[in-house]
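Colleague: Would you mind keeping the following structure in view while I ask a few things?
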Amino acid sequence: MKLVQFYEPGQESGVGIFQDDQVIDLSEVMPEVETVNDLLYVSGAARLSLSELVERAMNDYEGQLTGFSYESIDVTPDVGVPHLMVPIFSPEVWGFGVTYKRSAEFRDDDAQQNIYDQVYQSDRPESFFKATASRCSGPNAPICVRSDSSFTATEPELAYVLGDEGEIVGYTLCNDVSAWDIERSNPLYLNQSKIYQGCCALGPALVTADEIDDPYDIDIHCRILRDDAVVFEGEANTSQLARSFDELNEYLYRDNLIPTGTVVSTGTGIIVPNDLGLREDDIVMIASPQIGVLSNPVQQL
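Each residue of the sequence shown is one higher than the one before, counting from 8 in my numbering.
Below, the structure is given as structure tokens:
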């Protein structure tokens with residue numbers, strides 16, 4: 008099941024099922040549910056998966072459900088028009104890095120040191136706090152370049168969403184926007200490289216875990232458009248991950264309280280070249296056949 012959150016003038020948010028280029032509004036069958044976070048709370052209390060909860064509610068409804076086209080809400084966010092929002096208002100977003108060999112080699116080559124290769128080979132993964140809900144952008148909303156950064160890059164990643172018992176309830180795409188020049192100048196500046204306004208984009212949908220046959224075989228494609236021209240294109244597959252999600256979770260939860268609805272981004276295997284830092288008005292598109300297309304314009308802070 009593919010779930011989206013959307014804004015509609017006159018209401019804060021709504022939840023819909025995305026299928027066959029249509030979005031089915033769940034408010035008619037579940038009026039108490041205004042966000043995917045609400046769905047997670049109810050499903051946890053009922054001991055049902057997200058898909059089971061929604062399917063039961065829909066089966067009990069005898070009327071015709073309202074639907075509208077996905078294209079009509081896949082637009083630039085504006086308070087006057089319906090539009091897509093982040094697929095979940097995540098209380099916390101965490102990231103893992105150096106999970107792909109190419110990422111370790113690239114970062115070591117630039118830093119002229121071997122700390123990243125050591126992380127790739129070690130038992131303990133690189134983990135960092137990435138964002139809160141207010142720092143995240145949904146589809147078509149701006150991602151940002153820090154005012155003190157001269158080289159900020161896109162990091163296209165698969166992300167998963169955690170339930171109240173640490174289980175993976177769904178998957179989405181994440182743009183882990185990072186100021187590489189700040190991190191490269193000193194690894195201890197990692198938090199400033201990673202955490203700031205507009206540093207993370209999520210979407211376009213949350214695909215429930217039962218819908219993904221193999222999360223370790225997901226194609227991720229990235230394209231950067233500048234002045235309507237493609238200036239970068241790259242791809243990776245999650246089969247190239249060196250660590251399992253269970254392993255990442257084991258370290259994430261170790262002596263750490265993780266709230267329901269937390270998003271975990273799993274690292275990138277797509278590396279942009281040194282001369283392709285993000286610029287104002289660039290468009291970054293991250294796509295996966297199972298999840299959809301996450302598109303965001305770039306804003307210079």
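Backbone N, C-alpha and C fix where the C-beta goes; we use that ideal spot for every residue, glycine too.
Predicted, not measured: the structure shown is a model, and the values here were computed from it.
Would the region 17-34 and the region 70-79 be scored as touching if the rule is three or more Cβ pairs under 8 Å?
Modeller: Yes, the region 17-34 touches the region 70-79.
Colleague: Could you give the uninterrupted runs of the alpha helix (DSSP H) lying entirely in the region 32-66, keeping only those of 4 residues or more?
Modeller: Runs found: 43-53, 57-66.
Colleague: I'd like the list of long-range same chain contacts for G102, defined as Cβ closer than 6 Å, with 5 residues on each side in sequence excluded.
Modeller: Excluding positions up to five away in sequence, the list reads F135, K137, D183, S272.
Colleague: When DSSP labels each residue in this structure, what does S141 get in the three-state scheme?
Modeller: In this structure, S141 counts as helix in the three-state DSSP scheme.
Colleague: Can you name the start and end residues of the alpha helix (DSSP H) that Q128 belongs to?
Modeller: Per DSSP, Q128 belongs to the alpha helix (DSSP H) from 122-128.
Colleague: Can you name the start and end residues of the alpha helix (DSSP H) that R191 belongs to?
Modeller: Element bounds for R191: 187-192.
Colleague: Given D224, which residues of its chain have a CB within under 7 Å of its CB, disregarding the five upstream and five downstream residues?
Modeller: Cβ within range, chain order: N244, T245, S246.
Colleague: Output the distance between the C-alpha atoms of P304 and I150, rounded to the nearest integer angstrom.
Modeller: Distance between the alpha carbons of P304 and I150: 6 Å.
Colleague: Exposed or buried, what is E164 when buried is set at 16 or more other beta-carbons lying within 10 Å of its beta-carbon?
Modeller: So E164 ends up on the buried side.
Colleague: Tell me the rounded alpha-carbon separation between A118 and M37.
Modeller: Model confidence at A118 stands at a pLDDT of 49, short of 50, so the residue's coordinates are unreliable; what they give is reported in the following sentence. If you take the alpha carbons of A118 and M37, they lie about 52 Å apart.
Colleague: DSSP on P16, reduced to helix/strand/coil?
Modeller: Residue state, collapsed to three classes: coil.
Colleague: Within this structure, are the beta carbons of S50 and G170 separated by less than 9 Å?
Modeller: Yes, the Cβ-Cβ distance between S50 and G170 is below 9 Å.
Colleague: Can you find the residues in the same chain that come closer than 6 Å, C-beta to C-beta, to W187, ignoring five residues on each side of it along the sequence?
Modeller: Taken in chain order, the residues that qualify are F158, A160.
Colleague: Roughly how far, in whole angstroms, is the beta-carbon of D32 from the beta-carbon of L72, given that I think they are within contact range, below 8 Å?
Modeller: Correct: roughly 7 Å between the Cβ atoms.
Colleague: Alpha carbon to alpha carbon, how far is S141 from Y14?
Modeller: Going by the C-alpha atoms only, they are around 16 Å apart.
Colleague: In the DSSP assignment, what residue or residues form a beta bridge with N182?
Modeller: Bridge partners of N182: P163, A208.
Colleague: Which class does Q26 belong to by DSSP, given the choice of helix, strand or coil?
Modeller: In this structure, Q26 counts as strand in the three-state DSSP scheme.
Colleague: With distances taken from CA atoms, which of V214, P211, R131 is nearest D253?
Modeller: The shortest C-alpha separation from D253 is found at R131.
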